[in-house]
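>
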Amino acid sequence: LFVDNSIEAEFVYTEYPKHAVEIAKDADLSLYSGLVVAGGDGSFFDVLNGYMQNPGSLNTPLGVLPVGTGNSLSRDILDNNNGLEDYVKLIAKGKTKSFDIAKVQSGEEIFYFANMMGFGMISDIVETASKLKVFNKMAYTLGVLYNTIKLAPYELKMIADGVEYNLNNIFIIVSNSRFTGGNYLIAPKAKIDDGMLDIIILNKLSRLNLLRTFPKIFDGSHINSKFVDYIQAKNITFEVKEPKLLSPDGEIYGKLPASISCIPTAINIFA
Numbered sequence: 010l011f012v013d014n015s016i017e018a019e020f021v022y023t024e025y026p027k028h029a030v031e032i033a034k035d036a037d038l039s040l041y042s043g044l045v046v047a048g049g050d051g052s053f054f055d056v057l058n059g060y061m062q063n064p065g066s067l068n069t070p071l072g073v074l075p076v077g078t079g080n081s082l083s084r085d086i087l088d089n090n091n092g093l094e095d096y097v098k099l100i101a102k103g104k105t106k107s108f109d110i111a112k113v114q115s116g117e118e119i120f121y122f123a124n125m126m127g128f129g130m131i132s133d134i135v136e137t138a139s140k141l142k143v144f145n146k147m148a149y150t151l152g153v154l155y156n157t158i159k160l161a162p163y164e165l166k167m168i169a170d171g172v173e174y175n176l177n178n179i180f181i182i183v184s185n186s187r188f189t190g191g192n193y194l195i196a197p198k199a200k201i202d203d204g205m206l207d208i209i210i211l212n213k214l215s216r217l218n219l220l221r222t223f224p225k226i227f228d229g230s231h232i233n234s235k236f237v238d239y240i241q242a243k244n245i246t247f248e249v250k251e252p253k254l255l256s257p258d259g260e261i262y263g264k265l266p267a268s269i270s271c272i273p274t275a276i277n278i279f280a
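Just so it is clear: in the sequence shown, position 262 is 271 by my numbering, and no numbers are missing.
In structure tokens form, the structure reads like this:
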């Protein structure tokens with residue numbers, strides 16, 4: 010596809026977990042007109058975090074070819090069109106847009122995400138699925154079933170743009186873009202260039218109400234549920250009594266307590 014669109018490219022392949030972080034961090038990006046990731050949301054997460062540590066990165070556009078398991082971010086970039094050929098044509102034109110990203114401070118660690126970060130039941134599902142990889146594509150479904158049966162609400166304090174909330178919830182998602190998991194319209198009001206993060210809170214509810222509410226995330230109507238709160242903010246802090254795992258862009262990375270802030274127009278993306 011790159012040859013067909015007269016794009017000269019150097020292909021670099023990852024050889025082990027988090028290798029993409031090292032590649033993006035250490036590359037001499039002054040030699041290139043762009044850095045394009047072939048993968049899904051997790052692959053872009055790794056490249057973004059290496060890119061943000063690369064001192065010569067900020068003028069180099071990023072791109073993502075939607076060939077991963079979850080291509081949520083690319084749906085916003087391509088306005089719901091996940092076509093690989095369409096995106097390569099966009100890259101060939103060299104047109105870019107400035108997009109926001111989120112910065113996370115988790116203890117002494119700092120990392121970034123472009124799509125979303127979840128915790129509570131969300132990170133529990135990802136952690137469970139990672140232990141069930143032998144089941145391949147069924148691993149995530151089994152993770153959902155297991156954590157639905159377990160269903161453990163928890164309390165935390167959230168401060169969003171100075172407003173304090175004391176919550177008893179099942180999960181919270183902080184989203185920069187609309188989709189997660191490929192097809193789930195988790196944050197229908199989100200825009201990746203509005204300088205805001207969208208917070209989706211699923212409050213304490215029964216298993217039956219969870220099963221009734223969950224299918225609504227395919228069309229975004231879950232935000233009308235009495236069990237769901239939807240808040241937009243630029244700066245968010247979460248305080249908890251016990252550490253909880255974070256799941257940015259489908260990865261397990263970092264723990265609560267944590268602070269998240271939106272960095273407006275932080276990166277340029279082929280779009």
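Backbone N, C-alpha and C define an ideal beta-carbon position, used for all residues, glycine too.
Being a predicted model, the structure only gives us computed values, none of them experimental.
1) Just checking my contact of residue 169 with residue 245 at CB under 8 Å: how many whole Å lie between their CB atoms?
2) Run through the DSSP bridge pairs and tell me what residue 277 is partnered with.
3) Do the CB positions of residue 107 and residue 202 come within less than 8 Å of each other?
4) Going by DSSP, what residue range makes up the beta strand (DSSP E) through residue 44?
5) With three or more C-beta pairs closer than 8 Å as the rule, is the region 145 to 161 touching the region 110 to 127?
6) For residue 173, report the span of its beta strand (DSSP E) as first-last.
7) Using the three-state DSSP reduction, which class does residue 217 fall into: helix, strand or coil?
8) Give the single residue among 143, 236, 116 and 183 whose Cα lies nearest to the Cα of residue 167.
9) How about residue 279 and residue 43: do their beta carbons lie closer than 8 Å?
10) Does the Cβ-Cβ distance between residue 267 and residue 81 come in under 8 Å?
11) Name the two residues that bound the continuous beta strand (DSSP E) containing residue 73.
12) Using CA atoms only, rank isn't needed, just tell me which of 264, 188, 48 and 191 is closest to residue 72.
13) Should the region 94 to 105 be regarded as contacting the region 10 to 17, the criterion being three or more beta carbon pairs within less than 8 Å?
14) Determine the burial state of residue 336: buried for a count of at least 16 other Cβ atoms within 10 Å of its Cβ, exposed for fewer.
15) Per DSSP, what kind of secondary structure is residue 246 in: helix, strand or coil?
16) Helix, strand or coil for residue 234 per DSSP?
17) Residues in the same chain with beta-carbon distance under 6 Å from residue 4, minus the five sequence neighbours each way, listed in chain order, please.
18) If we ignore side chains and look at the alpha-carbon of each, how far apart do residue 74 and residue 52 end up?
19) Any idea what DSSP makes of residue 224, helix, strand or coil?
20) Per DSSP, what kind of secondary structure is residue 123 in: helix, strand or coil?
21) Given a threshold of 16 other Cβ atoms within 10 Å of its Cβ, counted over all protein chains shown, does residue 161 qualify as buried or as exposed?
22) In the structure shown, what three-state DSSP assignment does residue 164 receive?
23) Hey, residue 110 and residue 275 are a contact pair by Cβ (cut 8 Å); roughly how many whole angstroms apart?
24) Would you call residue 257 buried or exposed, if buried means 16 or more other Cβ atoms sit within 10 Å of its Cβ?
25) Can you tell me whether residue 2 is buried or exposed, with buried defined as 16 or more other CB within 10 angstroms of its CB?
26) Spatial neighbours of residue 144 within its chain, please: CB distance less than 8 Å, with the 5 preceding and 5 following residues excluded, ordered by chain position.
27) Does the distance from the C-beta atom of residue 213 to that of residue 179 stay below 8 Å?
To lay it out plainly:
1) Position 160 of the sequence shown, counted from the first residue, corresponds to residue 169. Position 236 of the sequence shown, counted from the first residue, corresponds to residue 245. About 5 Å; that satisfies the 8 Å criterion.
2) Reading the sequence shown from its first residue, position 268 is the one you call residue 277. In the DSSP output, where bridge partners are listed per residue, residue 277 has 107.
3) Indexing the sequence shown from 1 puts residue 107 at position 98. Indexing the sequence shown from 1 puts residue 202 at position 193. Remark: C-beta atoms of residue 107 and residue 202 approach each other more closely than 8 Å.
4) What you label residue 44 is simply residue 35 of the sequence shown in a count that begins at 1. Where residue 44 is concerned, the enclosing beta strand (DSSP E) starts and stops at 44 to 48.
5) no
6) In the sequence shown, counting from the first residue as 1, residue 173 sits at position 164. Residues 172 to 184.
7) Along the sequence shown, one-based indexing puts residue 217 at 208. If DSSP states are grouped into helix, strand and coil, residue 217 belongs with the helices.
8) The residue labelled residue 167 in the question sits at position 158 within the sequence shown. The shortest C-alpha to C-alpha distance from residue 167 to any of 143, 236, 116 and 183 is the one to 183.
9) Against the sequence shown, residue 279 aligns to sequence position 270. Against the sequence shown, residue 43 aligns to sequence position 34. Result yes, Cβ atoms of residue 279 and residue 43 sit closer than 8 Å.
10) Position 258 of the sequence shown, counted from the start, is the residue given in the question as residue 267. Position 72 of the sequence shown, counted from the start, is the residue given in the question as residue 81. No; because the gap between Cβ atoms is not below 8 Å, this pair is not in contact.
11) Within the sequence shown, residue 73 is the residue found at index 64, counting from 1. Looking at the DSSP string, the run of the beta strand (DSSP E) that includes residue 73 is 71 to 75.
12) For the purposes of this step, residue 72 is identified with residue 63 of the sequence shown, where counting begins at 1. Looking at the Cα atoms, 48 is the closest of the given residues.
13) yes
14) This structure leaves residue 336 out entirely; the chain is present only between 10 and 280.
15) Mapped onto the sequence shown, residue 246 falls at position 237. Three-state result, residue 246: strand.
16) Translated into the one-based positions of the sequence shown, residue 234 becomes position 225. Three-state result, residue 234: coil.
17) The shown model of the chain, from 10 to 280, leaves out residue 4, and the question about it has no answer.
18) Numbered from its first residue, the sequence shown carries residue 74 at position 65. Numbered from its first residue, the sequence shown carries residue 52 at position 43. Cα to Cα, residue 74 sits roughly 10 Å from residue 52.
19) Within the sequence shown, numbered from 1, the residue matching residue 224 stands at position 215. In the structure shown, residue 224 adopts helical secondary structure according to DSSP, grouped into three states.
20) By 1-based counting over the sequence shown, the position of residue 123 is 114. DSSP places residue 123 in coil when its eight states are reduced to three.
21) By one-based count along the sequence shown, residue 161 stands at place 152. Answer is exposed; the Cβ neighbour count stays below 16.
22) On the sequence shown, residue 164 is found 155 positions in, with the first residue counted as 1. Three-state result, residue 164: strand.
23) Position 101 of the sequence shown, counting from 1, holds the residue named residue 110. Position 266 of the sequence shown, counting from 1, holds the residue named residue 275. Correct: roughly 5 Å between the Cβ atoms.
24) Sequence index remark: in the sequence shown, residue 257 carries index 248 (1-based). The residue in question, residue 257, is buried, as its Cβ has 16 or more Cβ neighbours within 10 Å.
25) Since the first and last residues shown for the chain are 10 and 280, residue 2 lies out of range.
26) As a working mapping, residue 144 is identified with position 135 in the sequence shown. 151.
27) By one-based count along the sequence shown, residue 213 stands at place 204. By one-based count along the sequence shown, residue 179 stands at place 170. Yes; because the gap between Cβ atoms is below 8 Å, this pair is in contact.
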